[in-house]
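J.: My structure is below; once you've seen it, I'll send some questions.
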Amino acid sequence: MEELDESQEAVRNVERITDSEPVNGEDLVESEDLKRQFREAKERLKSELP
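Right, here's the structure in full:
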């Protein structure tokens with residue numbers, strides 16, 4: 002679990018240094034089909050969480 006904590010800390014450091022936030026994968030693609038697939042995948046993940 003320690004490795005995960007180190008990774009999370011690294012992400013926080015990069016976000017702080019670059020003054021940025023996580024990127025939405027949907028924003029990275031131009032294809033409307035891929036954007037739809039991102040939205041559907043997010044909905045599936047939400048429905049599977051308790």
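Take the sequence shown: its letter number 1 is residue 2 in our numbering, and every next letter is one higher.
Note that the Cβ used here is the ideal one computed from N, Cα and C, for glycine as well.
None of these values were measured; they are calculated from a predicted model.
Would you grab the beta carbon distance between glutamate 16 and glutamate 22 for me? Rounded to a whole angstrom, and I think it's under 8 Å.
T.: With a Cβ gap of about 6 Å, glutamate 16 and glutamate 22 count as contacting.
J.: Can you name, in chain order, every residue of its own chain whose Cβ lies under 6 Å from the Cβ of glutamate 33, other than the five neighbours on each side?
T.: Excluding sequence neighbours, glutamate 33 sits near nothing in its chain.
J.: Do you know offhand how far glutamate 49's Cα is from isoleucine 18's?
T.: Distance between the alpha carbons of glutamate 49 and isoleucine 18 is about 34 Å.
J.: My output table needs one value for leucine 50: the three-state DSSP class, helix, strand or coil.
T.: Reduced to three states, the DSSP call for leucine 50 is coil.
J.: Give the straight-line distance between the Cα atoms of glutamate 41 and aspartate 28, rounded to the nearest whole angstrom.
T.: Straight-line Cα distance between these residues: approximately 15 Å.
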